[in-house]
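Some notes on the structure that comes next.
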Amino acid sequence: MKRLDLVRDILDTQVTDREETKMGRVDGLVLELREGQPPRVVAIEMGFVVLVRRLHPRLGDWFLRLRRRVKVRKQACYSVPWSRVLDVTPFCVTLDVEAAETPAFDWECWLRDHIVAHLPGVAK
Amino acid sequence: MNMRKATQLALGIVTGVGGFFDIGNLATSAQAGASFRFQLLWALALGTILVIFLVEMSGRFAAVTRKALPDAIREHFGFSFWLVPFLVLTVVHFLVLASEIGGICFALHLVTGLPPAVWALPVAILTWLFLWRSIFSTIENSTSLLGLLTLGFVVAAVQHHPPSGELLAGMLPSLPHHDPAKYWLIAVGILGSVIAPYLFYFYSSGAVEDKWDPSYVGVNRGIAFLGMGFGSLIAFAAIVVAALVLAPRGIEVNDYHQAAMMLTDAFPFWGFILFAAIMAIACLGAGIEVSLSMAYTTAQTFGWNWGEDLNPREDARFCLTYTGAIFLSSLLILFGIDPLKLTIFTMAISAFVLPFVAIPFLLIMNDRKLLKEHANGWISNSVAAFLLVLSIVLAVVTIPLVFLGGG
């Protein structure tokens with residue numbers, strides 16, 4: 001049996017979608033406490049607000065307030081149920097989703113459509 | 125060694141030589157030679173030895189784990205640990221980028237007579253277009269081939285027949301006979317420019333872009349040793365030329381105009397133009413590297429899609445990071461900040477922040493779970509320990525020196 005530590009090996013690890021598009025990092029992990037049963041991991045969380053909350057809860061609140069003015073991202077925290085995790089390696093967590101359809105890609109899509117699309121073309 | 129590896133080795137060495145010299149090396153070398161002749165060569169030699177080891181470690185890490193450093197450090201030590209080095213790196217990237225853009229603008233000023241500030245936006249647009257439209261290998265190869273023009277300093281140094289006894293004496297650290305604060309500030313600046321804090325982070329991302337695997341460990345060692353070694357020869361030559369051309373005339377470099385006279389003795393007709401060309405090309409190459417480095421570090425920290433070979437539509441955040449960095453930093457030059465003062469200040473800051481960026485790097489190089497048999501051995505770790513002590517000393521002395529030395 002392979003052993004992975006939640007904090008050392010999963011928290012902060014690169015997250016990719018089915019197509020291996022890099023879509024962010026594991027910014028938070030959620031455990032469910034169950035009556036009479038051991039706790040279990042139910043979700044991973046992604047989002048800048050999750051990240052700053054780890055530094056200080058007040059920073060998280062402040063960031064949420066700031067967010068009300070900028071409405072690019074539909075959800076501040078993108079919570080992915082553990083059941084959508086396809087694979088976990090020490091270097092990568094692969095999710096059974098398509099990056100462009102998740103809140104983790106809202107900024108990427110917004111910047112692509114509103115800025116990159118208006119800049120001179122690229123022949124790469 | 126197969127053909128592909130041999131080509132990579134040759135290319136890597138050319139990249140090392142062509143990409144080594146930038147505005148920080150130019151400014152500190154010119155000042156060192158003009159004010160203290162060969163006496164500060166030891167600082168360059170020390171910096172070179174340390175940077176060879178750091179670059180070797182960084183490339184080895186990327187080849188073995190196929191991960192770039194910012195990526196692996198956040199993953200491994202967590203966001204809270206990486207936050208301070210990340211912010212520090214961002215500030216250094218920004219200042220170095222502004223200095224390089226300032227260097228290109230000044231080179232254009234030397235040739236055209238128009239003030240550097242006028243060139244800030246055109247230069248920013250040119251740098252940006254180059255990144256926007258090229259793939260990684262084009263950038264790597266073209267900037268390093270053009271960078272070979274910096275060898276002009278070596279040709280000039282040889283033509284001046286430097287006294288070998290004095291050169292050797294300069295390789296040993298000695299106390300200055302005058303202006304001690306200035307002497308130590310330049311020494312710190314040379315170390316800050318040679319052991320550029322962003323350099324080893326950038327190099328690991330480049331190795332990932334070039335798709336290195338563990339079989340590149342040997343190639344990497346050759347590139348680090350020969351590329352950085354020969355590269356530092358150019359800075360060495362610049363000190364020698366400044367010592368033999370500027371020092372006898374009592375010219376101290378307080379302004380890039382004074383440095384521009386360096387090559388006119390060796391190349392009477394076109395020395396001035398050659399100097400401007402070297403300055404512009406070295407700074408353009410370095411500016412492109414620093415912009416990319418900033419985008420790599422940011423994208424990897426937050427897990428965004430990244431890669432210079434992707435179309436900007438596929439990694440909008442990555443591409444817009446370097447776009448923003450280039451245009452914001454060019455504002456410093458547009459608003460008329462003196463490019464030389466900015467460079468000297470930036471080099472001092474680079475030396476100051478070294479412990480913050482070196483500690484996570486040196487720690488992760490010892491992780492046997494990640495690197496297995498390629499983790500640092502005792503030689504690399506002895507150098508790392510020395511670097512840590514040195515970087516902490518630098519961090520402590522830099523700020524008082526900036527005030528005393530008038531930086």
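Taken in sequence, the protein lines are chains A and B. Per the numbering used here, the first sequence starts with residue 1, numbered consecutively. Per the numbering used here, the second sequence starts with residue 125, numbered consecutively. Glycine residues also receive a C-beta, built at the ideal position from the N, C-alpha and C atoms.
- Scanning the region 67 to 104 of chain A for uninterrupted alpha helix (DSSP H) segments of 4 residues or longer gives nothing; none is fully contained.
- Spanning the alpha carbons of residue 504(B) and residue 196(B) requires a straight line of approximately 20 Å.
- Put simply, the CB of residue 14(A) is near chain B, with a gap under 7 Å to one of its CB atoms.
- Excluding sequence positions up to five before and after residue 109(A), its CB lies within less than 7 Å of the CB of 100, all in the same chain and listed in chain order.
- Distance between residue 267(B) and residue 413(B), taken at the CA atoms: about 9 Å.
- A Cβ-Cβ distance of about 7 Å is found for the pair residue 377(B) and residue 370(B), placing them in contact under the 8 Å criterion.
- Nearest to residue 427(B) by C-alpha distance, out of 2(A), 11(A), 23(A), 19(A), is 23(A).
- Interface with chain B (7 Å Cβ-Cβ cutoff): residue 101(A) is excluded.
- With respect to the 7 Å criterion, residue 280(B) and residue 164(B) are not classified as neighbours on the basis of their beta carbons.
- Each of 514(B), 162(B), 259(B) was checked against the Cα of residue 307(B), and the nearest Cα belongs to 162(B).
- Between the alpha carbons of residue 330(B) and residue 142(B) lies a gap of roughly 15 Å.
- By the criterion of at least three beta-carbon pairs nearer than 8 Å, the region 344 to 354 of chain B is not in contact with the region 495 to 511 of chain B.
- In the three-state scheme derived from DSSP, where H, G and I count as helix and E and B as strand, residue 367(B) is classed as helix.
- Residue-level contact by beta carbon fails for residue 47(A) and chain B, as no gap is shorter than 7 Å.
- The residue from 510(B), 227(B), 222(B), 198(B) with its alpha-carbon nearest to that of residue 92(A) is 198(B).
- Within the model, the alpha-carbon separation for residue 399(B) versus residue 392(B) is close to 12 Å.
- Closer than 7 Å to the CB of residue 108(A) there is at least one CB belonging to chain B.
- The beta carbon of residue 362(B) is closer than 6 Å to those of 153, 277 in its chain, skipping five residues each way along the sequence.
- Under the Cβ criterion (8 Å, minimum of three pairs), the region 312 to 325 of chain B counts as touching the region 460 to 479 of chain B.
- For residue 37(A), the enclosing beta strand (DSSP E) begins and ends at 37 to 46.
- Look at residue 22(A): its C-beta is under 7 Å from a C-beta on chain B.
- Counting only residues of its own chain and dropping the five nearest sequence neighbours on each side, residue 284(B) has a CB closer than 6 Å to the CB of 368.
- Residues of chain B whose Cβ lies closer than 9 Å to the Cβ of residue 25(A) are, in chain order, 198, 199, 203, 425, 426, 427.
- Counting only residues of its own chain and dropping the five nearest sequence neighbours on each side, residue 457(B) has a CB closer than 7 Å to the CB of 222, 225, 226, 229, 240, 241, 244, 463.
- Closest by C-alpha distance to residue 20(A), out of 73(A), 116(A), 98(A), is 98(A).
- For residue 348(B), the closest alpha carbon among the candidates 337(B), 311(B), 327(B) is that of 327(B).
- Taking a Cβ-Cβ threshold of 8 Å, the residues of chain A close to residue 437(B) are 112, 116, 117, 122, in chain order.
- Contact between residue 477(B) and residue 216(B) is confirmed by a C-beta separation of about 6 Å, below the 8 Å threshold.
- For residue 16(A), the pairing in a beta bridge is given by DSSP as 22(A), 94(A).
- Apart from the 5 residues on each side of it in sequence, residue 259(B) sits with its Cβ closer than 8 Å to the Cβ of 432, 433 in its chain, given in chain order.
- Using a Cβ-Cβ distance cut-off of 8 Å, the region 28 to 45 of chain A and the region 69 to 79 of chain A are in contact, since at least three pairs of beta carbons, one from each stretch, lie closer than that value.
- Put simply, the backbone Cα of residue 33(A) is about 9 Å away from that of residue 41(A).
- When DSSP states are grouped into helix, strand and coil, residue 33(A) belongs to the strand group.
- Note on geometry: alpha-carbon atoms of residue 158(B) and residue 484(B) lie some 37 Å from one another.
- In the three-state reduction of the DSSP assignment, residue 202(B) falls in the coil class.
- Within its own chain, the residues whose Cβ lies closer than 8 Å to the Cβ of residue 487(B), once the five positions on either side in sequence are excluded, are 201, listed in chain order.
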